[in-house]
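S.K.:
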Amino acid sequence: MVNNGVLQLVQYLLRRIVTIILALWLIVTLTFMIMHSVPGGPFASEKKLPDVIKRNLEDRYHLNDPLSKQYINYLNNLIHFDLGPSFRYEYRTVNDIIKTGFPVSAILGALAIAFALVVGLLAGIISALRQNRWQDYLAMVLATLSFSVPIFILSGLLMYFFAYKLQILPSAMWGTWQQAILPTLALAALPTAFIARLMRSSMLEVLQQDYIKTARAKGLSERVIVLRHGVRNAVLPVVTYLGFLVTDVLMGSFVVESIFAIPGLGMWYVNSILNRDYTVILGVTIFFSAFLMLMNFFVDLTYVVIDPRIKLVDRKDV
Amino acid sequence: MSMEISPQMFKRLEHDGQPAEETLCPSVGYRQNVWLRLKQNKLAMTGIIIIVLLALLALVGPHLSAHSYEEQDLLMVNQPPGGSYWFGTDALGRDLFARVWYGARISLTIGLLTSVICMVIGVLYGGISGYLGGRVDEIMMRFVEVIYSIPFLLYVILLMVLLEPGLKSIFIALGIVYWQNMARIVRGQVLVLKEQEYIYAARLLGAGTWRILLRHLIPNTMGPIIVSMTLLVPEAIFTEAFLSFLGLGVSAPMASWGVLASDGIQGLRNYPWQLFFPALFISITMLAFNFVGDGLRDALDPRLRR
Amino acid sequence: MKRILLALMVLAAFVLAGCGDDKTKDTAGKANGPQLIRYNVGTEPKTLDPAKSTGSPEATIELQMLDGLTRYDANQEIKRAVAESWDISKDSLTYTFKLRDAKWSNGDLVTAHDFVYSWLRAMAKETASEYAYQFFYIKGAEDYNSGKGKKEDVAIKALDDKTLQVVLNAPAPQFLGLTAFQTYFPVNQKVVEGNPNWFTDPKTYVCNGPFKMVSWEHNQKIVMEKNPDYWDAKSVKLEKLEIYLIENLDTSFNMFKNGQLDQMNEIAAQELTALKDSKELKIMPDASVYFYRFNVTRKPFNDVKVRKALALAIDRKALVESVTKGGQKQAYAFVPFGFKDADGKDFRRNGDNYFKEDLEEAKRLLAGAGFPDGKGFPRATIMFNTQGNHQKVAEAIQQMWKKNLGIEVTIQNVEWQVYEDRETKLDYDIERAGWSPDYLDPMTFIDMFVTNGGNNKTGWSNREYDRLVSEGKSTGDQKVRMESMHRAEKILMDEMPVTPLFFYTHPIMIKENLKNVIVPPFATDADFKWAYVE
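Residue numbers (the working numbering), protein chains in the order written: chain A, 2 to 319; chain B, -11 to 294; chain C, 684 to 1217.
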C-alpha cells in the first residue's frame, strides 16, 4: 500500500518534470517564432545604416544564418544553460543580466508578497468575520480603490506625495531601505487588495459550510473554529492564486522598476522586446516561465498538504 | 431482534428514463430566485443604479457640454474646472467633461465585455480541466502556462502588425491575457469541489459530466469567479490604455478613461484635475461593480437558496 | 487591523526620522562642499567603447573621459585638444595633425599610433561598428570596412609619434569637426587588445580626458573623478562627477526637485508652463528639425499641390506655443539654425523662410488638386512613433486640417520598430519624423533626400536636387558648396515631400550654482570639462 503510494508519487513527479521541460521547449519555440515574425531587429536605428555596415553587424551576430540554424544553435546553447550575449548591451551575457537583476527583483517581490499576504489575509479574515460592519466596508472600499488605481498611477502618486511634496522619502533608485518603501507599496497594492477580497469571499463561503456548524455544535471556541477550520479551508483559493501572485508581482515589477529606477529583471522584460534584443527576450522569458511552472508545481504540492481531500493522482489513472 | 431479509421485501422500481437526480431540482425559478434575492440586497441595488446612471451619462454626457470631446482650443489649454469647462481642459484645450463621458462609452464597453468574454472562456476551460482531471487536466494546464509565459508585449506587437487598431483588436488582445487567470481559479475550485459528497451523490444519481459541471460545480465556484470578474473590469480598462500607448487602442482624438488617466498623470504636479476626474469615475465604477458582484455572488450561491 | 495600523505608524515615524537626517546631510554637503555634479544622462549606455557607440548619452559619457584630436568649446568652435595644430592641404584632401604631449591615465603617452590603431579598429569589419561609416570620408575606409580592401590601404598614417596624416576621398569640410566626435576618440591599444570588455571595468578604462571612471552600477550611475594625468588638468575644477542612468523623465524630474540631481536633460511639456519663471530651467539650442514626411508614391500625396496645401494650413505658432511649449522655433525651411554659411553668418538666416502659412492659398491649392473644401479627399493617416509629444502634435494638426481645409485624417501611433519598418517600406501616408545632425554642416540635412537615399523615405526624387548635392560634395570651396545647398533646399521646399514644423530646443533643468557646463546643440548632451559648483 505504502509502496504503491510512493511509486505513484514518483511517477507523478517524473511526469510533471517531463511536461515542464516539454512546455519550456514549446515556449522557446513559440517565442522564437513570434519574435522573428514581428518587424524590426536589434540593430534598427533612426538613421538608416549603410548596407555594408548592416551586413557586418548581422554577420557578427549570425543573424544572416537561416532561422532554423539560429534556432538549433540557440537550443544547443540552452541545453548547456548558456543564454548567449545581449545584442544591445554586447558586453553583458543574458546569464549575467539574470544573475544581477533577479536578486533585486526577488527582494522587491518578496517584500511586496510578504506585505500583500500579511495585510491581505488579515484584512480578508477581519472583513469576513465582521461582515457588513464598518471594518468590512472600510477594508473593502480600500481594496476596491487600490484596484481602480493601476500600478503606474499609484507609483506616480506615491512618488509625488512622499518624495516631491513631503520630501520624506527618496524618489528613486535602489540600495537603502528607504528606497525600498515606495516601490514595495506600489507593487503590493494590487495583490493585497486581491488577496483581501479573495480571502473574504472564500471565508464567507467556508463559514457557512456544515463542518463549521458541526464545529460550533461541538462547542469549539470561536478562535479554533476560525483558525483551524475556517482559515485553513478558506485559504485554498489564495493558495491557487499564489503561483500567479509571484509572477504577477514579477510582471508588475516592470512598471515599478522603471518608474523607481530599480536595476531588477522586470524592466528587461519589456525593454528587451522594444529593443528586439532577441537573446534577452528568450532568456528572460525562459527564466520567468521556468520560475512560474516551478511555482505552480509547488502550489499543487501545497494543495495536498493543506487539503487532504485532493489527490494528485486521479483515481482513473490507477 | 433478528429478522429474515428476503427478496420479497424489495420491490423493483422501473427507471423512468430520466436521471433521477434531475427531478429533485426544478430549474424553473432559479433565475427569478436570484433576482429576488439580489433585489433585497441594498448595496447591490445601489451598485446597479450607479452603473445605470454611469451608462446614461456615457450616452448623454458628451452632449451636455457646450464643447465636443474633440474640439481643441489651443488658447485654453490646461484650464482648471470652472464655469465653461466643468472638469477643466486638457493639454490641447479640450473639454474634459465631454471627454470623460465619451471615454466612459469606450471604457465601460471594454471593461464589461472583456470580463464576460474571459469568464466564459475561463470558466469552461478551467471547469473542464479541473473536472476531468488526470492527463487532460495536466495538458490543459500546461497549455495555459505556455500561453501565459509568452510575453504579452510580443503578442501585442504581432497583433498590431496583423490587425487594424480598434475595439476588435483590443478585445482579442485582452482576451488572450485575461482568461487564463480565470481558468486557473475555476480549475482550483473544481478540483476541491468535485471530491465533495454532493457531487458523488449527483454522479450516483446519474447526472452527466456537463450537468455536473454546469449545474453543480460552476455555480458553487461563483464566488471567486465573480470576484475575479469584477476585478477584471479595471484591469481591462487600464490595459487598454497600455494597448493604446503601443498603438492598438482606439485612435485619437477618441480617448478612453485609461488613456485620460495616463495623460492625467503627466500633469499631476500642475494640473491635478486631469487625473482626478477620470480616476474618480473609474473608482466609482469599480465600487459599483463590486457591490453588484458581491450581491450576485450571494444571490447565486446555491447553498443560500431557500 | 489596529495592530497593523500601529505598526505602519511606527514605520512611518522611522522613515520620517531617517530621511530627515538624509536631507540635512544633503544640503550641508553642497554649500562650499566638494566640487560634485550629479547629472542624469537618461539611460544605461549601450556601450562605452567609442568605436561602437552611437547614441548621444554614450557620447556624453565618453566625452568626459576621452579627448579627441579636437574638442568643441562653449561657442561651438572647434578647438585644439590632443592635436596641438593641424594643416590642411590646398586640395582640402590631406590633413596633418601635430599632437601635443598628452598622457593616458596609466602613464602611457598618447601617440599618433594610438589614433591609427583606434580608427582602424573602429572601421574593421570584425568590430561591426554601426558608426564605421563616419570614417567613409577617408580614402580606403569603406573598402576596408566592407572587406573589399586591405587595412594597409586605408589612408591613415602615423608619420612619427607626434604626427598623424589622413587623406580623404573628396573634400569634406566637416571632417575636422568629426575628430571631436565619439567614433574618432582614441583608445589605449595595450588595454583594448585581448579584452573585449575593457570599457566595463573602471580598472581597465584607461582614459585621456578630463575625468576617469571610478565605478559603474548598471542602470543606476557611473561615478567619475578628476583625471590628474589629463593634459589640461588645470582647467578641470570639478573633483567628482556622478552620471545617473535614469530613464523615466518624471522620476528624473522628481529627483531633481528633491535634491538627488543637479542637472537633467529633458522636461515634459506639461511642466514647462509652470517652470516659466524658474531660474533652474534653461532652454538650450538644438540643431534638429521636426517634420512630417509625405509618401509621394501614394495618392493624393503624389500631387505637390496637396502637399503644399497641407503644409500651408498648419498653424506652427500655435503648435510651439501651446503644444510643445519649449521655446521651439517655427520652421519654414528644412535646415535648422546653428550652421555656418560661407560668409560666416548663419546658414538659416541667409536662406530665410521658403514659405509661409496662408489659408486662402492652401484652399486654392487643394481645390486645384481636385478637392474643393476637402470634398472627396481620401481618408489618410498620420503615423507617428509612441513617444513624448508626437501624439499631441499630431492631434493638433489633425484638428487644424479639419478646421482649415475640411480634411479628415486619422492619426495612428505605432511602436517604434514597427514605425521604422513601415517608413522604410513606404507603408504610410503621412508620418512624423525628426532629424539631428551628424556633424555641423548643412549637408547632413541636405543629402537625406537624394534619390533612393537611405533616409529619404518619401519616394521623392529630383534630378536637379541630386546634381546640386553631388556638386556640394565634390568641392572644398565653401562658397560653391553653400550655394548649391541653398538651391537644393529651395527645391526641397518647393516640391515639399516633407513639411518642416519646428526646430527643436533642448530644455534642461540645472541648479543655479552650476557654472560653465557646456550643453552642445548636437551629438552630446553636456561637457563638464570646465564646469564647477559655485
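We treat Cβ as the ideally placed atom computed from N, Cα and C, and that holds for glycine.
Taking C-alpha atoms, which residue in C/739, C/1192, C/1206 and C/1212 lies nearest to residue 948 of chain C?
M.R.: As a first step, residue 948 of chain C is located in the third sequence; it is residue number 265 there, counting from the start. Nearest of C/739, C/1192, C/1206 and C/1212 to residue 948 of chain C, Cα basis: C/1192.
S.K.: Can you list, in chain order, the residues of its chain whose CB lies under 7 Å from that of residue 768 of chain C, leaving out five sequence neighbours each side?
M.R.: The residue labelled residue 768 of chain C in the question sits at position 85 within the third sequence. Answer for residue 768 of chain C: 781, listed in chain order.
S.K.: With a cut-off of 9 Å, does the C-beta of residue 152 of chain B fall near any C-beta of chain A?
M.R.: On the second sequence, residue 152 of chain B is found 164 positions in, with the first residue counted as 1. No, residue 152 of chain B does not count as interfacial toward chain A.
S.K.: Per DSSP, which one or two residues make a beta bridge with residue 1183 of chain C?
M.R.: Against the third sequence, residue 1183 of chain C aligns to sequence position 500. Partner(s): C/974.
S.K.: Let me make sure I understand the geometry here. Which of C/1096, C/718, C/1142 and C/792 has the alpha-carbon closest to that of residue 152 of chain B?
M.R.: Counting from 1 along the second sequence, the entry for residue 152 of chain B is found at position 164. It is C/1096 whose Cα lies nearest to the Cα of residue 152 of chain B.
S.K.: Starting from residue 752 of chain C, follow the alpha helix (DSSP H) in both directions and report where the run begins and ends.
M.R.: As a working mapping, residue 752 of chain C is identified with position 69 in the third sequence. No alpha helix (DSSP H) contains residue 752 of chain C, which DSSP labels as neither H nor E.
S.K.: Report, in whole angstroms, the separation of the C-beta atoms of residue 1016 of chain C and residue 1172 of chain C, which I expect to be a contact under 8 Å.
M.R.: On the third sequence, position 333 is the one that residue 1016 of chain C refers to. On the third sequence, position 489 is the one that residue 1172 of chain C refers to. Yes, they are in contact, since the Cβ atoms of residue 1016 of chain C and residue 1172 of chain C sit about 6 Å apart, within 8 Å.
S.K.: Identify which residue in C/999, C/1110, C/733 and C/1134 has its Cα closest to the Cα of residue 865 of chain C.
M.R.: Reading the third sequence from its first residue, position 182 is the one you call residue 865 of chain C. Checking every option, the nearest Cα to that of residue 865 of chain C belongs to C/733.
S.K.: For a test of the three-state rule: what should DSSP assign to residue 711 of chain C, helix, strand or coil?
M.R.: Position 28 of the third sequence holds residue 711 of chain C. With a pLDDT of only 36 at residue 711 of chain C, under 50, the local geometry of the prediction cannot be trusted, and the value read off the model is given with reservation. Helix at residue 711 of chain C.
S.K.: Could you have a look at residue 906 of chain C and say whether DSSP puts it in helix, strand or coil?
M.R.: Taking the first residue of the third sequence as 1, we reach residue 906 of chain C at position 223. Strand, per DSSP.
S.K.: Can you give me, in chain order, the residues of the stretch 908 to 935 of chain C that have a beta carbon less than 8 Å from any beta carbon in chain B?
M.R.: Against chain B - using a Cβ distance shorter than 8 Å - the residues of the stretch 908 to 935 of chain C are 933.
S.K.: Does the beta carbon of residue 89 of chain A sit closer than 9 Å to a beta carbon anywhere in chain B?
M.R.: In the first sequence, the residue the question calls residue 89 of chain A occupies position 88. Answer no: the Cβ-Cβ gap between residue 89 of chain A and chain B never drops below 9 Å.
S.K.: Between residue 254 of chain A and chain C, is any beta-carbon pair separated by less than 9 Å?
M.R.: Here residue 254 of chain A is taken as the residue at index 253 of the first sequence, counted from 1. For residue 254 of chain A, the answer is no, since every Cβ of chain C falls outside 9 Å of its Cβ.
S.K.: Pull out every residue of the stretch 1092 to 1116 of chain C whose Cβ sits closer than 7 Å to any Cβ of chain B, in chain order.
M.R.: Those residues of the stretch 1092 to 1116 of chain C that come within reach of chain B (Cβ to Cβ, closer than 7 Å) are 1093, 1094, 1095, 1096, 1097, 1098 and 1101.
S.K.: If you follow the beta strand (DSSP E) that residue 1117 of chain C is in, where does it begin and where does it stop?
M.R.: The residue given as residue 1117 of chain C occupies position 434 in the third sequence. Residue 1117 of chain C -> beta strand (DSSP E) spans 1113 to 1118.
S.K.: How many angstroms separate the CA atom of residue 240 of chain B from the CA atom of residue 109 of chain A?
M.R.: Counted from its first residue, the second sequence places residue 240 of chain B at position 252. Counted from its first residue, the first sequence places residue 109 of chain A at position 108. Cα-Cα distance, rounded: 37 Å.
S.K.: Please identify the residue among C/1199, C/834 and C/1043 whose C-alpha is closest to the C-alpha of residue 1055 of chain C.
M.R.: Reading the third sequence from its first residue, position 372 is the one you call residue 1055 of chain C. For the residues C/1199, C/834 and C/1043, the minimum Cα distance to residue 1055 of chain C belongs to C/1043.
S.K.: Going along chain C in order, which residues have a C-beta closer than 9 Å to the C-beta of residue 160 of chain A?
M.R.: Locating residue 160 of chain A in the first sequence gives position 159, counting from the first residue. Ordered by position in chain C, the residues that pass the 9 Å Cβ test against residue 160 of chain A are 933, 934 and 937.
S.K.: How is the alpha helix (DSSP H) around residue 791 of chain C delimited, first residue to last?
M.R.: Locating residue 791 of chain C in the third sequence gives position 108, where the first residue counts as 1. Element bounds for residue 791 of chain C: n/a, residue is neither H nor E.
S.K.: By the criterion of Cβ-Cβ separation under 8 Å, what are the contact partners of residue 297 of chain B in chain A?
M.R.: Because chain B in this structure spans residues -11 to 294, residue 297 of chain B falls outside the shown range and cannot be described.
S.K.: If you follow the alpha helix (DSSP H) that residue 56 of chain A is part of, which residue opens it and which one closes it?
M.R.: Locating residue 56 of chain A in the first sequence gives position 55, where the first residue counts as 1. Element bounds for residue 56 of chain A: 52 to 61.
S.K.: Taking Cβ-Cβ distances shorter than 7 Å, what residues in chain B pair up with residue 943 of chain C?
M.R.: Walking along the third sequence from the start, residue 943 of chain C turns up at place 260. Result: empty, since nearest Cβ-Cβ is about 16 Å, beyond 7 Å.
S.K.: The beta strand (DSSP E) that contains residue 782 of chain C, what's its start and end?
M.R.: Position 99 of the third sequence, counted from the start, is the residue given in the question as residue 782 of chain C. From DSSP, the beta strand (DSSP E) with residue 782 of chain C extends over 777 to 782.
S.K.: Counting pairs of beta carbons, one from the stretch 763 to 778 of chain C and one from the stretch 835 to 852 of chain C, are three or more of them closer than 8 Å?
M.R.: With the cut-off at 8 Å, the stretch 763 to 778 of chain C and the stretch 835 to 852 of chain C touch.
S.K.: Would you please verify whether the beta carbon of residue 274 of chain B is less than 9 Å from any beta carbon of chain A?
M.R.: As a first step, residue 274 of chain B must be located in the second sequence, where it is residue number 286. Yes, contact with chain A.
S.K.: Compare the Cα-Cα distances from residue 227 of chain A to each of A/95, A/90, A/76 and A/122 and report the closest residue.
M.R.: Stepping through the first sequence from its first residue, residue 227 of chain A is reached at position 226. Ranking A/95, A/90, A/76 and A/122 by Cα distance to residue 227 of chain A puts A/122 first.
S.K.: Rank C/786, C/998 and C/968 by C-alpha distance to the C-alpha of residue 659 of chain C and give the top, closest one.
M.R.: There is simply no residue 659 of chain C to check, as chain C begins at 684 and stops at 1217 in what is shown.
S.K.: Using the C-alpha atoms, what's the distance from residue 100 of chain A back to residue 707 of chain C?
M.R.: Position 24 of the third sequence, counted from the start, is the residue given in the question as residue 707 of chain C. Position 99 of the first sequence, counted from the start, is the residue given in the question as residue 100 of chain A. With a pLDDT of 36 at residue 707 of chain C, under the threshold of 50, the modelled position of that residue is not reliable, and the figure given next carries that caveat. Their Cα atoms are separated by approximately 36 Å.
S.K.: Below 8 Å, can you find three or more Cβ-Cβ pairs linking the stretch 59 to 66 of chain B to the stretch 78 to 86 of chain B?
M.R.: Contact holds: three or more Cβ-Cβ distances are below 8 Å.
S.K.: Do you know how far the Cα of residue 1182 of chain C is from the Cα of residue 1060 of chain C?
M.R.: The sequence position of residue 1060 of chain C within the third sequence is 377, counting from 1. The sequence position of residue 1182 of chain C within the third sequence is 499, counting from 1. Whole-angstrom Cα-Cα distance: 19 Å.
S.K.: Which stretch, first to last residue, makes up the alpha helix (DSSP H) that contains residue 1066 of chain C?
M.R.: Position 383 of the third sequence, counted from the start, is the residue given in the question as residue 1066 of chain C. Per DSSP, residue 1066 of chain C belongs to no alpha helix (DSSP H); it is in the beta strand (DSSP E), 1063 to 1068.
S.K.: Can you confirm whether residue 16 of chain A, when its beta carbon is compared against all beta carbons of chain B, has any partner nearer than 9 Å?
M.R.: For the purposes of this step, residue 16 of chain A is identified with residue 15 of the first sequence, where counting begins at 1. Yes, contact with chain B.
S.K.: Cα separation between residue 223 of chain A and residue 252 of chain B?
M.R.: Taking the first sequence and counting its residues from 1, the one referred to as residue 223 of chain A is at position 222. Taking the second sequence and counting its residues from 1, the one referred to as residue 252 of chain B is at position 264. Near 49 Å, if we compare the C-alpha coordinates of residue 252 of chain B and residue 223 of chain A.
S.K.: Taking contact to mean at least 3 C-beta pairs separated by less than 8 Å, is the stretch 86 to 102 of chain A in contact with the stretch 229 to 246 of chain A?
M.R.: Contact fails: fewer than three Cβ-Cβ distances are below 8 Å.
S.K.: So, are the CB atoms of residue 248 of chain B and residue 265 of chain B less than 9 Å apart?
M.R.: In the second sequence, residue 248 of chain B corresponds to position 260, counting from 1. In the second sequence, residue 265 of chain B corresponds to position 277, counting from 1. Yes, Cβ-Cβ distance for residue 248 of chain B and residue 265 of chain B is below 9 Å.
S.K.: Got a sec: which bits of the stretch 254 to 271 of chain B sit with their beta carbon under 8 Å from any beta carbon on chain C, in order along the chain?
M.R.: The stretch 254 to 271 of chain B vs chain C, Cβ under 8 Å: 254, 255, 257, 258 and 259.
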